[in-house]
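Novice: Have a look at this one before I ask anything.
Residue numbers (this note's numbering): 189 to 309.
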C-alpha cells in the first residue's frame, strides 16, 4: 500500500495497528518497480506496433499470442536486457531522490555503487 489517501483513512490505519500489520513508508503514486509490469509494458508496446487496432476480443487474443511468442524468442536477448536496464534505471532514480531510497526500494539500494542488471533476472 502506498500513501494514497484512499488507503490512509482513519479506519484503515486503526485496523492495521490493531492487527499489527507493519507498513513501509513510501510516497503515493510511486513508480512501479515490478519486473512483471515492465515485461507487460514491453508486450503492450509490441502489440501497438503490430499495426492494427483490434476491435474484437478474439483479435486481441490472437495478436497477444503472436507477440508473446516473439517476446519469448527475444527474451534471452534484447528484451531481457531492456527490462533489466529499465529496472536498474528506476532503482537508481529512486535512490538519487534525497540521497536515500524513496519508493518500493529497500535499504540495499542506498549505496551509490553501480547496479548489475543481472540481479533482477
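Beta carbons are placed, not taken as given, at the ideal position from N, Cα and C, and that holds for glycine.
#1: Along the chain, where does the alpha helix (DSSP H) containing residue 197 start, and where does it finish?
#2: Count the other C-beta atoms from every protein chain shown that fall within 10 angstroms of the C-beta of residue 202, then say buried if there are 16 or more, exposed otherwise.
#3: So what does DSSP say about residue 210, is it helix, strand or coil?
#4: By the 10 Å Cβ neighbour count, where 16 or more other Cβ atoms means buried, how is residue 255 classified, buried or exposed?
#5: In this structure, how does DSSP classify residue 237 when only helix, strand and coil are distinguished?
#6: Cα separation between residue 250 and residue 204?
Specialist: According to the structure data:
#1: Careful: residue 197 lies outside any alpha helix (DSSP H) and carries neither H nor E.
#2: Exposed, by the Cβ-count rule.
#3: For residue 210, the secondary structure class from DSSP, reduced to helix, strand or coil, is coil.
#4: That one is buried.
#5: Looking at residue 237 - three-state DSSP - the assignment turns out to be coil, as it is neither helix nor strand.
#6: Going by the C-alpha atoms only, they are around 44 Å apart.
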